Structure formats: structure tokens, C-alpha cells
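Take 1 as the starting number for the sequence shown in the working numbering and just add one per residue.
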Amino acid sequence: MQGHGGKCPTGLCCSIWGWCGTTSDYCAPKNCQRQCPAQYPEGRCGWQADGKSCPTATGQCCSIWGWCGTTPDYCAPENCQSHCKLPSPPPPPPSPPPPPPALPYPQCGIKKGGGKCIKTGECCSIWGWCGTTNEYCSPGYCQKQCPGPYPEGRCGWQANGKSCPTGTGQCCSNGGWCGTTSDYCAPVNCQSQCNTTTTLTSSLKNRMRGIGSFMLNIV
1 MQGHGGKCPT GLCCSIWGWC GTTSDYCAPK NCQRQCPAQY PEGRCGWQAD
51 GKSCPTATGQ CCSIWGWCGT TPDYCAPENC QSHCKLPSPP PPPPSPPPPP
101 PALPYPQCGI KKGGGKCIKT GECCSIWGWC GTTNEYCSPG YCQKQCPGPY
151 PEGRCGWQAN GKSCPTGTGQ CCSNGGWCGT TSDYCAPVNC QSQCNTTTTL
201 TSSLKNRMRG IGSFMLNIV
């Protein structure tokens, strides 16, 4: 009878439905779960076959239903009663990436911590690399250690400290060029010879002209 692991009387088979009997409904291989006839069919194992083991060296597990097999239906922890395969160890963590290759050229300039080019004759380009060709040393590409004489209008650290002409009211912009507008003289744009008075005066003059024109139109 069905019960918590109960056994049938001697000579009776325990069917897969949990009842005891002697006919094929109880003792046939496909119907018997325990106390089955001594000659167990191929593939039966475990307590349903009085402790019979699965063939060795086959990698088979004995399922909780008393059959040998190799799939998760037999070997998964929740389905296996003996000869269970331990889960494979997790793969090792991936190796750390290799360090980045060394930079092919030295770096320099305001974007690279103010570094200077080491080799004589090298110019620091606006992209922060050292070299000697036009891509590094020509006026449109050089930001520091540029070759002299510097072109007209260049100034500041981009021209080795060259100043804008005195008496012109010009400011040296952050980009290393001389000029008088706010693009050169505004505090956020100016690196030296900053002349906010010139900018303010020009702005005031323009405003006064506008007021004068407005008054004339009224009259």
C-alpha cells in the first residue's frame, strides 16, 4: 500500500502506484518500483532494484525513479539518487587585459599636463603630440615650442612668450593670437596683456551711438 517508504510483505512487488501485488501489474519492469523480481531489466538501478548500480565507466547516473542515464533527467541533483555527477567547477575568471602599448610618440602641451617635447627641434602640435613636420610645426598646427620667427599676430606661451605690439590695445588670447575684441580680451579668452578697458570702452561707444541715433529719430 502507499505509504512513507513502507514495504510489501515478502513475495509481493511494490508497484509504481504504491500498491503491493504479485501480477505483472505490480512486478513487470515497467510497473515495479521496489521489491521487484530478482532479475532486474537492463538500466534499472538504486533502491528500486535492491541497490543495483549503473554500469561503471559509463558516466551514467541513477535517477530517483531507478533508471540509469546521462542527461539532466538522471544526473541533475534534484533527479539523482546515486552515482550523481558533481557539477563542473566554474570556469576560471578571464585573464586581465594586457596593458596598453607604449605611446609611439611623446605627448605634450596644455591637454597633457603641460609637458614639453624633449628632442631638440620638435614642436608640440595642437593635438598634444611631438614632431618635426608641418603637421606639428606649422602655424596652424603648433601650440608650443613652435619654430621662430613666429608669424605676425602670434603671442603668449604658444610663441615662447612673445608679446603683442605695445600701444595697440591688443590682448593675447588663450589660443596665442593678438586682437582687440572680446574673443581676445574677455577674461575667459585672454592669457596675457588682457585689456578689458578697451573692450568696455568699445562697447560703451557702440551703445552711445545707438542712443544718439534713437534720439535723432525721435526729434
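Built from N, CA and C at the ideal position, the CB exists for glycine as well. Keep in mind it's a predicted model, so treat the numbers as computed, not measured.
Quick one: give me the first and last residue of the alpha helix (DSSP H) that residue i is part of.
i	result
serine 182	182-185
cysteine 137	134-137
Please go through the same chain and pick out, in chain order, the residues whose beta-carbon is closer than 6 Å to the beta-carbon of residue i, but skip the five residues on each side of it.
i	result
tyrosine 184	Cys171, Ser173
leucine 103	Its pLDDT being 48, under 50, leucine 103 is placed unreliably by the model, and nothing is read from it.
leucine 200	In this predicted model, leucine 200 has a pLDDT of only 45, less than 50, meaning its place in the structure is not dependable enough to derive any value.
histidine 83	Cys54, Cys61, Cys62
proline 77	none
cysteine 164	Cys155, Gln170, Cys172, Cys178, Gln193
glycine 161	none
Tell me which same chain residues have a C-beta within less than 8 Å of the C-beta of residue i, skipping the five on either side of it?
i	result
arginine 44	Pro29, Cys36, Lys52, Gly66, Trp67, Cys68
lysine 116	Cys108, Cys124, Lys144, Gln145
tyrosine 74	Gln60, Cys61, Cys62, Ser63, Trp67, Cys68, Cys80
threonine 70	Thr58, Gly59, Gln60, Cys61
threonine 56	none
glutamate 135	Ser125, Tyr141
Which residues in the same chain as residue i place their Cβ atom closer than 7 Å to its Cβ, once the five residues preceding and following it in sequence are excluded?
i	result
threonine 198	In this prediction, threonine 198 has a pLDDT of 49, which is less than 50 and means its spatial position is unreliable; nothing more can be read from the coordinates.
threonine 220	In the structure as shown, the chain begins at 1 and stops at 219. Residue 220 is therefore absent and cannot be evaluated.
arginine 34	Cys14, Trp47, Gln48
glutamine 191	Gly156, Cys172, Ser173, Asn174
glycine 153	Trp177, Cys178
asparagine 195	Gly169, Cys171, Cys185
aspartate 25	Ser15, Asn31
serine 159	The sequence shown places alanine at residue 159, rather than the serine named in the question. Cys146, Tyr150, Gly176.
lysine 85	Cys61, Cys75
Assuming residue i and residue j are in contact, meaning their beta carbons sit under 8 Å apart, how far apart are those beta carbons, in whole angstroms?
i	j	result
proline 147	cysteine 137	5 Å
cysteine 8	cysteine 20	4 Å
glutamate 122	glycine 128	Between glycine 128 and glutamate 122 the Cβ distance is about 13 Å, and since that is not below 8 Å, they are no contact.
Per DSSP, which residues does residue i bridge with? Please list them.
i	result
lysine 116	Lysine 116 is not bridged to any residue.
serine 173	Cys190
cysteine 14	Cys20, Arg34
serine 125	Cys142
tryptophan 67	Arg44
glycine 167	Glycine 167 is not bridged to any residue.
glycine 131	Cys123
glycine 179	Cys171
glutamine 107	Trp129
glycine 156	Lys162
cysteine 62	Cys68, Ser82
Can you tell me where the beta strand (DSSP E) with residue i in it begins and where it stops?
i	result
cysteine 75	No beta strand (DSSP E) holds cysteine 75; the alpha helix (DSSP H) holding it covers 72-75.
serine 53	Unbroken run through serine 53: none, as it is neither H nor E.
glutamine 81	80-82
**Prompt:** Using 8 Å as the threshold, is the region 37-44 in touch with the region 15-23, meaning 3 or more CB pairs across them?
**Reply:** no
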